[in-house]
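Below is one structure, written out as structure tokens; the observations come after it.
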Amino acid sequence: MAEAGGSGTAARAGAEAEDARLLQALRRTFGFDGFRPLQLEIMREVLAGRDAFALLPTGGGKSLCYQLPALLRDGLTLVVSPLIALMKDQVDALQAAGVAATFLNSTLGEKEARKRLAGLHRGEYRLLYAAPERLLLENWADNLGKWDIRLIAIDEAHCISEWGHDFRPEYRRLSRLRRLLPEAPVLALTATATERVRADIIGGLRLRDARFFVASFNRPNLTYRVVPKDRPLEQVVAFLRKRSRESGIIYFASRRAAESCAERLSTRGFAAAPYHAGLTPKVREQNQERFLRDEIRIICATIAFGMGVNKPNVRFVIHYDLPKNIEGYYQETGRAGRDGLPSECLLLFSPADAVKQRQFIEEISSAREQEVARAQLRQMIAYAESGECRRTSLLAYFGELREEPRCDACDNCLEPRDTYDGTIETLKFLSCVYRVGQSRVARTGLNHIVDILLGSQAEKIRSWGHDALSTHGIGADLPRGHWQAV
197 MAEAGGSGTA ARAGAEAEDA RLLQALRRTF GFDGFRPLQL EIMREVLAGR
247 DAFALLPTGG GKSLCYQLPA LLRDGLTLVV SPLIALMKDQ VDALQAAGVA
297 ATFLNSTLGE KEARKRLAGL HRGEYRLLYA APERLLLENW ADNLGKWDIR
347 LIAIDEAHCI SEWGHDFRPE YRRLSRLRRL LPEAPVLALT ATATERVRAD
397 IIGGLRLRDA RFFVASFNRP NLTYRVVPKD RPLEQVVAFL RKRSRESGII
447 YFASRRAAES CAERLSTRGF AAAPYHAGLT PKVREQNQER FLRDEIRIIC
497 ATIAFGMGVN KPNVRFVIHY DLPKNIEGYY QETGRAGRDG LPSECLLLFS
547 PADAVKQRQF IEEISSAREQ EVARAQLRQM IAYAESGECR RTSLLAYFGE
597 LREEPRCDAC DNCLEPRDTY DGTIETLKFL SCVYRVGQSR VARTGLNHIV
647 DILLGSQAEK IRSWGHDALS THGIGADLPR GHWQAV
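Basically the working numbering = 1-based index in the sequence shown + 196.
Okay, structure coming up:
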């Protein structure tokens, strides 16, 4: 018994010594005084050589969970990352901190790539960042076996799941790494994953008895608001004028809209710039750096912006258009308030945006992907239209329950909506749709139905004979926005 007790005491002493080494490395290399929730526990699991699954919110410090252990052990940590820009940013930051890190991707010339490969063969690096498609090349199998890889970190692990918000087929093939490197533990990391996506990650990466580390999805410093979209540019301008000294991100569904809004805001005196994949890498980098240095206050962006961008003082995120899914919306709003200070998330919602998203879905060639996209869009629309607490709805989507019925930090809690019986309006709308269907014309959209209900005499209404329908004008007592919301 004494021997067992002594063994336990020794184990505790060893664990405490390792924790102390981690904290010392954290302070010395990264300049932080302490760990964020779950970071230390995840690092312990990694250093013990066991698989782990880390679900931490945007800004929750996922990268440190593999970067710090890489400094305390021999060998190479392999980091799989889907974004070239993110790889470069992280490697630049690590090198600036004195960490031997590198990346291999398509941006490197042949000479530079050979130089880095030679360094890997000589064991000069602690961390290697690479895209999944490069790792899956046939001639890489031998290299991976020679590099003494002690940990495989899969960043943005939700990309493996068709039910994730950013499915990437090449992630499905990462299970090959498990076969090539059976002794190396795997750490899967993501900021957004429902129960279904988590199961896909475990199976797809062949995690072995992985311990789950799931932080709360709640961001208590964020206020969530959804408002009807009506003259959106003026709505954005009014919002910005109340926050003239603050930095923020405005997300758009298209590059053209992002460019246009940045230009129009600039003409009104706001320091704004666009960011999207259609810009040259040089312009994207310049605009991002200017934003990080507070030389410009507003970035008008598509979803190409934000992944891995470390700007703690983003005070607001506006969604000018309806996001495709709740995962993307949550991740993008999570770029506000990383410093813990109060920040705002505003979504401008119009049923017309939902129609546009459905049209985009129709263009997807895979029937399976269409099914997933439709389900995700339905959930996003339900969130936007809901009168329930926004925070409670978001957390419930990710499987987290709140006991408090109100958060007092969303539009529905701060300004509860008046409710009424909309049965009559719904019947009128459906009746109009039915009458139009009976007239055997080509497919029509939402606005055409609304025009009929309002009694429009537009050319298209008259040419199709829809001014003679019994439903023509029966909704003229209500505004257009009301009918669009039905």
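Each residue gets a CB set at the ideal place from its N, CA and C atoms; glycine is no exception.
Element boundaries [beta strand (DSSP E), containing residue i]
| i | result |
| --- | --- |
| V382 | V382 to T386 |
| F249 | A248 to L251 |
| P424 | L418 to P424 |
| H515 | V510 to H515 |
| L518 | Element bounds for L518: n/a, residue is neither H nor E. |
| C496 | I494 to A497 |
| F409 | R407 to V410 |
| A326 | L323 to A326 |
| S443 | S443 to Y447 |
| A297 | A297 to L300 |
Residue j beta carbon less than 8 Å from that of residue i
| i | j | result |
| --- | --- | --- |
| F594 | W679 | no |
| D490 | P508 | no |
| A221 | L267 | yes |
| H515 | Y526 | no |
| A253 | A387 | The sequence shown places Pro at residue 253, rather than the Ala named in the question. Against a cut-off of 8 Å, the Cβ pair of A387 and P253 comes out as a contact. |
| R486 | V510 | no |
| A473 | A458 | no |
| K520 | M576 | yes |
| V275 | P381 | no |
| L573 | I557 | yes |
| A664 | L650 | no |
| N417 | G533 | yes |
| A248 | R407 | yes |
| K425 | F545 | yes |
| L610 | D604 | yes |
| D405 | S357 | no |
| Y262 | L324 | no |
| G257 | R224 | no |
DSSP state of residue i mapped onto helix, strand, coil
| i | result |
| --- | --- |
| R631 | helix |
| P675 | coil |
| L429 | helix |
| Y684 | With the chain covering only 197 through 682, there is no way to say anything about residue 684. |
| I348 | strand |
| Y262 | helix |
| V393 | helix |
| E540 | strand |
| S666 | coil |
| Y471 | strand |
| T476 | coil |
| Y616 | coil |
| C457 | helix |
| C355 | helix |
| C609 | helix |
| N414 | coil |
| K284 | helix |
| K507 | coil |
| V682 | coil |
| G305 | coil |
Chain-order list of residues whose beta-carbon lies under 7 Å from that of residue i (same chain, five-residue window excluded)
| i | result |
| --- | --- |
| A681 | P547 |
| E366 | P328, E329 and L332 |
| D647 | A654 and I657 |
8 Å Cβ shell around residue i - same chain, five flanking residues per side excluded
| i | result |
| --- | --- |
| G341 | L376 and L377 |
| E320 | A296 |
| L590 | F413, Y420, I522, Y526 and Y579 |
| D215 | L236 and R240 |
| Q291 | A297 |
| G583 | N608, P612, R613 and T615 |
Residue-chain proximity (residue i, chain B), Cβ-Cβ < 8 Å
| i | result |
| --- | --- |
| I494 | Considering every chain present, this structure includes no chain B. It has just one protein chain. |
Cut-off 6 Å between Cβ atoms - residues of its own chain near residue i, not counting five sequence neighbours on either side
| i | result |
| --- | --- |
| A467 | I492 and R493 |
| A500 | H472 and A473 |
| L543 | V422 and H515 |
| I446 | C496, I514 and Y516 |
Endpoints, the alpha helix (DSSP H) within which residue i is located
| i | result |
| --- | --- |
| V275 | Element bounds for V275: not the alpha helix (DSSP H) but the beta strand (DSSP E), L272 to V276. |
| G524 | I522 to T529 |
| Y593 | R586 to Y593 |
| V551 | P547 to E558 |
| Q653 | Element bounds for Q653: n/a, residue is neither H nor E. |
| L243 | Q235 to L243 |
| D338 | W336 to K342 |
| V637 | Segment: none, V637 is in no alpha helix (DSSP H) and carries neither H nor E. |
| A196 | No statement about residue 196 is possible, as the shown extent of the chain runs from 197 to 682 and does not include it. |
Check: residue i C-beta below 7 Å from any heavy atom of the ligand SAH
| i | result |
| --- | --- |
| R554 | Of ligands this structure carries none, so the ligand SAH is not represented either. |
query: Can at least three beta-carbon pairs, one atom from the stretch 614 to 632 and one from the stretch 668 to 680, be found at a separation below 8 Å?
result: Because the criterion of three Cβ pairs below 8 Å is met, the stretch 614 to 632 and the stretch 668 to 680 touch.
task: Answer yes if the stretch 426 to 437 comes into contact with the stretch 396 to 406, meaning at least three C-beta pairs across the two stretches below 8 Å, and no otherwise.
output: Because the criterion of three Cβ pairs below 8 Å is not met, the stretch 396 to 406 and the stretch 426 to 437 do not touch.
task: Check whether the stretch 277 to 285 touches the stretch 298 to 305, taking contact to mean three or more Cβ pairs, one atom from each stretch, closer than 8 Å.
output: Contact holds: three or more Cβ-Cβ distances are below 8 Å.
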